[in-house]
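Engineer:
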Amino acid sequence: MANKLLVCNLCNGEMQLYTGPRYSRKLGVFLVGVGIFLTLFWMGPVLGVPLFFIGLYMVGAKRQLWVCKECNTGIERIELKPEQTETVKKTKE
Ligand SMILES: [Zn+2]
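So in my numbering the end of the sequence shown lands on 204, straight run, no missing numbers.
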């Protein structure tokens, strides 16, 4: 994706592609820990296992952003599906 450069709306700075964690990593790790704890000691797997997997998901989930090099403004990338692009073409015809 190095074809077009985006320009920041606020300061006309160059924007850079940035991949970062979607959720707070600390919270994800915390949920994994609570999940393990519940499974071993307290409520059992009914509550602990889902919490464990939610925590793992939160640690692993990523999001892509355009971030301005100058002022750190971020824009979230939204990728349109091919079907949606076709729908737009049909509407124009
Ligand atoms: Zn900027």
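The C-beta atom is built at its ideal place from N, Cα and C for all residues, glycine as well.
Whose C-alpha, out of I186, S135, L116, is nearest the C-alpha of L176?
Structural biologist: Working through the sequence shown from its first residue, we reach residue 176 at position 65. Cα-wise, what sits closest to L176 is I186.
Engineer: Flag L121 as yes when its Cβ comes closer than 7 Å to any non-hydrogen atom of ligand 1, and as no otherwise.
Structural biologist: To locate residue 121, count along the sequence shown from 1; it is residue 10. Result yes, Cβ under 7 Å from ligand 1.
Engineer: Sort L117, L121, E125, N120 by Cα distance to K180 and report the nearest one.
Structural biologist: Position 69 of the sequence shown, counting from 1, holds the residue named residue 180. Out of L117, L121, E125, N120, E125 has the C-alpha closest to the C-alpha of K180.
Engineer: Quick one, are the C-beta atoms of T150 and G159 less than 8 Å apart?
Structural biologist: Within the sequence shown, residue 150 is the residue found at index 39, counting from 1. Within the sequence shown, residue 159 is the residue found at index 48, counting from 1. Yes; because the gap between Cβ atoms is below 8 Å, this pair is in contact.
Engineer: Measuring CB to CB, does V178 end up less than 8 Å from R136?
Structural biologist: Translated into positions along the sequence shown, residue 178 becomes position 67. Translated into positions along the sequence shown, residue 136 becomes position 25. No, these two residues do not count as a Cβ contact at 8 Å.
Engineer: Can you look up L133 in the DSSP assignment and give me helix, strand or coil?
Structural biologist: Taking the sequence shown and counting its residues from 1, one reaches residue 133 at position 22. Strictly speaking, residue 133 in this sequence is Arg, with Leu absent from that position. Coil.
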